[in-house]
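Data first, discussion second: the structure below is written as structure tokens.
Number of protein chains: 2
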Amino acid sequence: MTNIALLGFGTVGKGIYEILKDKEVYLKEKYGFDYKIVAISDFAFGNVYNPNGLDMELMMEEALAGKKFSKDVVDMDNVTLIKECNADLMCELTYTDLSTGGPAIDHCKAALSSGKHVVTSNKGPAALYYPEMKKLADENGVTFMIEGTVCAGTPIINLTDGPLAGCEISKIRGILNGTTNYMLSEMEKGMAYDEVLKVAQELGYAEADPTGDVEGHDARGKVTILANIVMGAGIKIADVSCEGITKITLEDIAKAKEQNARWKLIGSVEKKDGKVIGSVAPEMVDMSHPLAGVMGATNALTFTTDLLGDVTIVGPGAGKIETGFSILTDILAIHRNKKCC
Amino acid sequence: MTNIALLGFGTVGKGIYEILKDKEVYLKEKYGFDYKIVAISDFAFGNVYNPNGLDMELMMEEALAGKKFSKDVVDMDNVTLIKECNADLMCELTYTDLSTGGPAIDHCKAALSSGKHVVTSNKGPAALYYPEMKKLADENGVTFMIEGTVCAGTPIINLTDGPLAGCEISKIRGILNGTTNYMLSEMEKGMAYDEVLKVAQELGYAEADPTGDVEGHDARGKVTILANIVMGAGIKIADVSCEGITKITLEDIAKAKEQNARWKLIGSVEKKDGKVIGSVAPEMVDMSHPLAGVMGATNALTFTTDLLGDVTIVGPGAGKIETGFSILTDILAIHRNKKCC
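Which chain is which? The protein sequence lines are V and P, in order.
Each number in the working numbering comes from the position in the first sequence (counting from 1) with 2 added on.
Each number in the working numbering comes from the position in the second sequence (counting from 1) with 2 added on.
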């Protein structure tokens with residue numbers, strides 16, 4: 003039995019609960035996995051804890067109605083709740099803050115230092131403090147799992163850690179931001195940048211303030227994570243050079259087409275003379291390359307390896323269920339490695 | 003310390019030894035992995051065994067010179083050697099026989115029943131007897147690992163078993179044969195089928211008797227493996243419908259281009275009404291699909307899943323080092339799961 007604490011009960015928090023509920027029988031039969039959600043902390047709904055498992059149907063009902071939780075409410079701040087609850091693992095699912103990391107940093111530290119595994123889709127702790135978190139996890143005999151921080155549930159971190167184990171990866175290049183890839187795809191149909199941005203905002207792909215996506219900051223966070231985790235680099239976000247797509251014109255798009263190429267916002271990490279260099283910039287990708295065909299909000303990464311040459315993976319880059327899956331797959335990895343219960 | 007027996011010391015056997023030797027320090031540092039090769043059985047070079055580790059430099063030297071092994075020679079047949087040696091795992095790397103499975107079947111049975119893990123790139127045991135091998139492995143507390151049987155070392159089996167764990171896969175479609183994909187790619191440049199086949203034979207992509215590739219038999223073996231392992235189907239090779247590329251003309255190629263599509267030899271496995279259907283046939287793939295851009299001897303597979311939608315992986319489909327890697331990655335998985343030494 004795996005006892006779970008959810009920090010944040012927004013889209014991803016509700017998503018992972020729905021998946022766990024829908025797949026309860028399948029996960030029990032296939033992996034011998036069963037679970038209880040024992041604690042939730044949410045800014046809007048309050049903090050609840052029951053060491054024997056929360057009444058999740060009620061919690062969902064109240065959260066969906068926008069009401070505060072009414073049962074098992076505890077008067078503990080987040081860090082105290084994390085430390086004192088009987089969870090085996092904590093899912094950190096609060097909002098991403100790429101400047102300071104936000105409260106997620108304290109949440110992760112509290113969980114790891116009290117011997118709880120951490121599974122997160124929050125880019126903050128992973129992009130800003132990965133080495134520290136990894137060290138804290140190792141010291142406490144637990145794991146810090148972050149599949150969901152890059153390309154939602156599309157296997158990236160776990161792919162390089164598991165099935166690619168034994169390969170040395172010298173370069174990673176890819177499409178790490180779905181919003182800008184959608185925008186560049188649409189511009190190919192003849193819509194100018196400003197117009198496309200408006201549509202992307204209407205569709206909910208881009209936020210009211212689109213800076214994080216269009217200036218490449220989101221991709222830069224992911225590049226930092228890849229550099230530090232896959233290549234063991236120890237770099238900071240500010241070390242990654244960053245240019246967005248705001249200067250790409252319809253003329254640029256047309257010119258690329260003439261050259262049998264296509265503009266993509268490419269995040270890349272490369273080992274050069276023992277140093278790891280990260281960058282985000284628009285690039286013309288030749289149409290014969292697997293990344294060129296990746297359209298819309300889809301993400302893709304090409305790993306250049308010593309033994310396999312190039313290996314490319316293509317999959318979703320966002321979504322409630324897709325990100326929920328990233329949490330599930332990390333929870334299962336912990337369970338299957340017999341690291342908990 | 004992992005003790006290894008190599009059954010077959012041809013291209014892949016030599017390849018995995020070279021990788022293990024080149025990466026000795028890296029594998030020790032990163033994964034705490036070290037090994038000894040204690041036994042080799044090869045039709046051409048003979049059977050050798052030394053429980054303390056063979057003199058591998060000498061073995062390589064003799065094999066590369068086409069000479070029989072001269073040191074640690076034992077008078078044991080393959081099955082006796084496998085059973086009696088002190089290996090923790092056996093790599094089955096003899097030739098693939100998709101009709102009967104060949105001697106590889108007895109090799110795998112001998113290893114599993116005497117408590118040795120099996121790692122193989124041989125499609126015979128995997129395509130013809132997977133359920134039996136899996137059962138035998140389970141009964142003896144060991145594993146039967148077969149990453150190398152589909153797309154060389156490109157992660158397929160280990161991807162679905164590990165980082166995609168928790169997803170239910172309802173459909174797999176892909177380019178599973180590099181030779182025919184190379185031929186179709188070249189036909190697009192205007193060469194007719196017969197001409198392209200000749201070039202592929204000259205380049206060593208196609209064999210003198212190209213039937214196994216061009217009639218789709220090789221892809222059919224892989225489809226059977228995917229159906230049985232990823233979908234737990236329990237089907238036989240003969241259950242998979244099979245059509246090759248021999249009837250594709252330059253006119254067909256041109257017609258596809260007009261429709262913004264491209265011919266690919268597609269292997270597919272699909273769950274329909276609780277039944278698993280496997281097939282191999284040429285298909286026109288729309289140019290917007292990730293599989294359309296996969297050219298030359300490269301392989302690619304798209305998994306349709308419940309939680310992530312489509313996930314596609316693209317990588318090498320053959321090669322000495324690429325297949326050698328598949329053996330390494332399976333050996334490492336066994337080591338890291340603490341299933342041996």
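Quick reminder that beta carbons are idealized off the backbone N, C-alpha and C, glycines included.
Because the structure is a prediction, the values reported are computed rather than measured.
| Asked | Found |
| --- | --- |
| Let me make sure I understand the geometry here. Which of Ala-46(P), Phe-45(P), Ser-72(P) has the alpha-carbon closest to that of Met-58(P)? | Ser-72(P) |
| For Met-297(P), which residues in chain V fall below 7 Å Cβ to Cβ? | Ser-290 |
| Beta carbon of Gly-48(V), beta carbon of Val-27(V): below 8 Å? | no |
| Please report whether the beta-carbon of Cys-343(V) lies at a distance below 8 Å from any beta-carbon of chain P. | Low confidence applies to Cys-343(V): its pLDDT is 45, below 50, so where it sits in the model is not reliable, and the reading given next is rough at best. Judged by the 8 Å Cβ criterion, Cys-343(V) is not in contact with chain P. |
| Given that Cys-169(V) touches chain P, what residues does it touch there, using C-beta distances under 9 Å? | Gly-155, Phe-327, Leu-330, Thr-331 |
| Going along chain P in order, which residues have a C-beta closer than 9 Å to the C-beta of Pro-318(V)? | Leu-310, Gly-311, Asp-312, Val-313 |
| Which residues of chain P have a Cβ atom closer than 7 Å to the Cβ of Gly-183(V), listed in chain order? | Contrary to the premise, residue 183(V) reads as Asn rather than Gly in this sequence. Going along chain P, no residue has its Cβ under 7 Å from Asn-183(V), so there is no contact; the nearest lies around 13 Å. |
| Using CA atoms only, rank isn't needed, just tell me which of Ile-329(V), Ile-255(V), Arg-338(V) is closest to Met-147(V). | Ile-329(V) |
| Taking the C-alpha atoms as reference points, what is the distance between Ile-84(P) and Val-40(P)? | 11 Å |
| Specify whether the segment 129-136 of chain P and the segment 286-297 of chain P touch according to this definition: at least 3 beta carbon pairs, one from each stretch, less than 8 Å apart. | no |
| Taking Leu-186(P) as the reference, give the member of Asn-5(P), Arg-264(P), Glu-64(P) with the closest Cα. | Arg-264(P) |
| Could you run through the segment 4-29 of chain P and flag, in chain order, every residue whose CB is less than 8 Å away from some CB of chain V? | Ile-21, Lys-25, Tyr-28, Leu-29 |
| Hey, is Asn-49(P)'s beta-carbon within less than 8 Å of any beta-carbon in chain V? | no |
| Helix or strand or just coil, what does DSSP make of Asn-88(V)? | coil |
| Within 10 angstroms of its Cβ, does Phe-45(P) collect 16 or more other Cβ (buried), or is it exposed? | exposed |
| Output, in chain order, the set of chain P residues within a Cβ distance shorter than 7 Å of Glu-134(V). | Near Glu-134(V) there are no residues of chain P at all, since even the closest Cβ is about 21 Å away, more than 7 Å. |
| Strictly by DSSP, which residues pair up with His-119(P)? | Leu-91(P) |
| Against chain P, with Cβ distances strictly below 8 Å, would Leu-334(V) count as a contact? | yes |
| To test your reading of the DSSP string, which unbroken beta strand (DSSP E) runs of 3 or more residues are found completely within the segment 46-116 of chain P? | 48-51, 91-94 |
| Give the interface partners of Ile-239(P) over in chain V, defined as CB-CB distance under 7 Å, in chain order. | What Ile-239(P) touches in chain V: nothing, since even the nearest Cβ is about 26 Å away. |
| Report the rounded CA-to-CA distance for Tyr-19(V) versus Val-232(V), giving the unit in angstroms. | 29 Å |
| Between Met-92(V), Asp-79(V), Ser-123(V), Leu-252(V), which has its C-alpha nearest Tyr-37(V)'s C-alpha? | Met-92(V) |
| On the three-pair Cβ rule with 8 Å, is the segment 271-283 of chain V touching the segment 159-168 of chain V? | no |
| Hey, could you find the ends of the beta strand (DSSP E) Pro-284(V) is sitting in? | 277-288 |
| What in chain P is Cβ-close to Val-303(V), meaning under 8 Å? | The amino acid at residue 303(V) is misidentified as Val; the sequence shows Leu. Result: empty, since nearest Cβ-Cβ is about 11 Å, beyond 8 Å. |
| Curious, which full-length beta strand (DSSP E) runs of at least 3 residues does the segment 165-250 of chain V contain? | 171-177 |
| Can you find a CB in chain V that lies within less than 8 Å of the CB of Glu-245(P)? | no |
| Please go through the same chain and pick out, in chain order, the residues whose beta-carbon is closer than 7 Å to the beta-carbon of Val-242(V), but skip the five residues on each side of it. | Arg-222, Val-225, Thr-226, Gly-280, Ser-281, Val-282 |
| Whole angstroms is fine: what's the gap from Cys-342(P)'s alpha carbon to Thr-13(P)'s? | Any reading at Cys-342(P) must be qualified, since the residue scores a pLDDT of 47, below 50, and its modelled position is unreliable; the value itself is stated next. So the alpha carbons of these two residues sit roughly 26 Å apart. |
| Can you name the residues of chain V whose CB is closer than 7 Å to the CB of Ile-323(P)? | Leu-309 |
| Give the interface partners of Ala-258(P) over in chain V, defined as CB-CB distance under 7 Å, in chain order. | Here the premise fails: no neighbours, minimum Cβ distance about 16 Å. |
| Who are the near neighbours of Gly-17(V) in its chain, counting only those whose CB is closer than 6 Å to its CB and skipping five residues on each side? | Lys-322, Ile-323, Gly-326 |
| If we cut at 8 Å on Cβ distances, does Asn-179(V) have a partner in chain B? | Annotation note: the requested chain B is absent from the structure, which comprises protein chains V and P. |
| Just list the residues that DSSP pairs Glu-272(P) with in beta bridges. | Lys-173(P), Ile-279(P) |
| Mind checking Lys-238(V): buried by the 16 CB within 10 Å criterion, or exposed? | exposed |
| Return yes when the Cβ of Pro-318(V) is within less than 8 Å of the Cβ of Thr-156(V), no when it is not. | yes |
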